[in-house]
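Sequence lines, in order, name chains E and F.
Note that my numbering has the first sequence beginning at 25, numbered continuously upward.
Note that my numbering has the second sequence beginning at 12, numbered continuously upward.
One structure below.
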Amino acid sequence: MNFAVLQFPASNCDQDCVHAVRVLGHSASLLWHKETFLGGADAVIIPGGFSYGDYLRTGAIARFSPVMQAVQGFAAEGGLVLGICNGFQILCEAGLLPGALVRNRDLQFHCEQVFLKTANLDTPFTSRIPAHKILKIPIAHGEGCYYADPGTLEALFSRRQVLWQYCDIQGALTDNANPNGSLMNIAGICNERRNVAGLMPHPDRACECILGSADGRFIFESMIAALQSPAAPRH
Amino acid sequence: MKAKIIVTPKKAVVDPQGKTVQNALEQMGYRGIRAVHVGKYLEIELDGTDGEAVRRQLDQAAHDFLSNPIIEDYRLEME
């Protein structure tokens with residue numbers, strides 16, 4: 025499978041994402057933000073970083089990039105799009121995912137390993153995660169506090185769009201395990217159609233044991249399995 | 012013509028910056044502060060004279076781009 029990894033000015037996890045996909049035995053190509061075509065990619069990854077210097081709001085400028093218009097079209101056709109960290113913020117600003125990411129409640133930049141509980145295994149981003157498996161994946165962000173109004177939040181849970189929640193090592197959704205103050209410990213969500221997902225933790229930095237965890241593989245392997253299934257949309 | 016847009020966090024959204032500034036003011040001895048909200052201020056210099064048409068356009072821009080209505084409110088002033 026071929027993944028397109030978007031590259032904005034001040035993206036800084038683009039190479040991490042390309043490396044992760046290659047470690048998993050698939051191909052990835054970088055796609056500059058001025059491109060208007062996705063080059064026949066099977067899936068899109070919007071990487072972490074500080075696109076456009078985080079000016080105005082995180083992700084606010086990136087969503088106007090030509091490449092994001094192509095991503096909007098790709099998502100509308102059912103293509104798989106994963107936004108990691110700044111990529112999650114961009115997807116929220118672009119309206120492809122509900123809610124918003126605001127400043128961490130303690131105003132600090134958190135760079136640490138966190139534990140994640142997968143709330144829904146029945147999506148193209150989670151299907152290969154073993155049931156009850158607590159994922160260990162690092163975060164690195166200053167604005168990762170997930171917010172949505174009460175109605176949106178309720179809809180996210182009732183439609184099973186919450187994919188990952190911050191938890192402790194035993195899997196309990198405690199306030200102490202919540203690194204940024206996200207509502208309901210939300211770390212990642214998907215859209216109603218289940219083809220666009222975003223999360224603040226970095227699975228791209230957790231695909232090899234030498235990095236402290238290889239749990240990020242489960243997320244990419246889920247996407248690859250979905251792309252290889254006969255039901256996957258062709259682009 | 013000049014437009015001023017003031018963007019503030021919605022009351023329902025936790026504003027840790029505002030809270031931290033409030034705490035600092037209280038440590039300095041200021042009393043009677045109910046809340047502090049930290050937002051953004053944009054000043055836009057404009058050509059043209061049709062204030063009403065410009066206002067409508069900027070109102071749209073403030074809603075669609077300069078603020079995020081999920082987490083922020085804005086106020087537009089023309090002068």
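Every residue gets a Cβ at the ideal spot worked out from N, C-alpha and C, and that includes glycine.
This structure is a prediction, so every number in the text was calculated from the model and none was measured.
For E/Tyr190, no CB of chain F lies under 8 Å from its own CB, so it is not counted at the interface with that chain.
Spatial neighbours of E/Glu117 in its own chain (CB-CB distance under 6 Å, excluding positions within 5 residues in sequence) are listed in chain order as Gly83, Ala84, Arg87. Between F/Thr31 and chain E, the shortest Cβ-Cβ separation is below 8 Å. Flagged as an interface residue toward chain F: E/Ala84, by a C-beta distance shorter than 8 Å.
Look at the beta carbons and you see the stretch 124-138 of chain E touching the stretch 193-207 of chain E: at least three pairs across the two are nearer than 8 Å. Residue contact with chain F for E/Arg127: present (Cβ-Cβ distance below 8 Å to some residue of chain F).
Taking all protein chains shown into account, E/Tyr170 has 16 or more neighbouring C-beta atoms within 10 Å of its C-beta and is therefore buried. Close CB contacts of F/His48 within its chain, under the 8 Å cut and outside five residues either way in sequence, are with Thr19, Pro20, Asp26, Gly29 (chain order). E/Asn219 sits away from E/Leu187, with the two beta carbons spaced by 8 Å or more. The C-beta of F/Val65 comes no closer than 8 Å to any C-beta of chain E. CA-CA distance, F/Arg66 to E/Ser182, rounds to 40 Å.
With a cutoff of 8 Å on beta-carbon distance, F/Gly62 and F/Met89 are scored as near each other. Under the criterion of beta carbons closer than 8 Å, E/Pro257 and E/Gly103 qualify as touching, at roughly 6 Å. Along the length of the stretch 200-224 of chain E, whole beta strand (DSSP E) runs at least 3 residues long occupy 210-214, 220-223, reported in chain order. Assignment of F/Asn34 by DSSP, reduced to helix, strand and coil, places it in the helix class. DSSP, read as helix, strand or coil, puts E/His43 in helix.
Residue burial annotation: E/His156 is exposed, with fewer than 16 other C-beta atoms found within 10 angstroms of its C-beta. Annotation: E/Phe61 to E/Gly97 spans about 10 Å, alpha carbon to alpha carbon. Look at the beta carbons and you see the stretch 40-50 of chain E touching the stretch 233-252 of chain E: at least three pairs across the two are nearer than 8 Å. With fewer than 16 neighbouring CB atoms inside 10 Å of its own CB, E/Asp146 falls in the exposed class.
Unbroken alpha helix (DSSP H) stretches of 4 residues or longer found wholly inside the stretch 57-115 of chain E: 90-100, given in chain order. For E/Arg127, DSSP assigns no beta-bridge partner whatsoever.
Residue pairing from DSSP places F/Lys51 in a beta bridge opposite F/Val18. Between E/Asn26 and E/Leu121, the C-beta gap is not smaller than 8 Å, which leaves the two residues out of contact. Contact annotation: in the stretch 66-90 of chain F, residues whose CB is within less than 9 Å of a CB in chain E are Phe76, Leu77, Ser78, Asn79, Ile81, Ile82, Glu83. For E/Gln189, the enclosing beta strand (DSSP E) has its first and last residue at 186-191. Out of E/Asn36, E/Pro148, E/Tyr79, the CA that lies nearest to the CA of E/Ala255 is found in E/Pro148. Taking 8 Å as the cut-off, the Cβ atoms of E/Ile161 and E/Asp66 do not count as close.
Contact between E/Phe244 and E/Ala28 does not hold, since their C-beta atoms are separated by about 14 Å, which reaches or exceeds 8 Å. When DSSP states are grouped into helix, strand and coil, E/Glu167 belongs to the coil group.
Assigned with DSSP and collapsed to three states, E/Gln194 falls in coil, not helix or strand. Comparing alpha carbon positions, the residue from E/His134, E/Leu55, E/Val42, E/Phe133 closest to E/Phe32 is E/Leu55.
Under the criterion of beta carbons closer than 8 Å, F/Lys22 and F/Ile55 do not qualify as touching, at roughly 26 Å.
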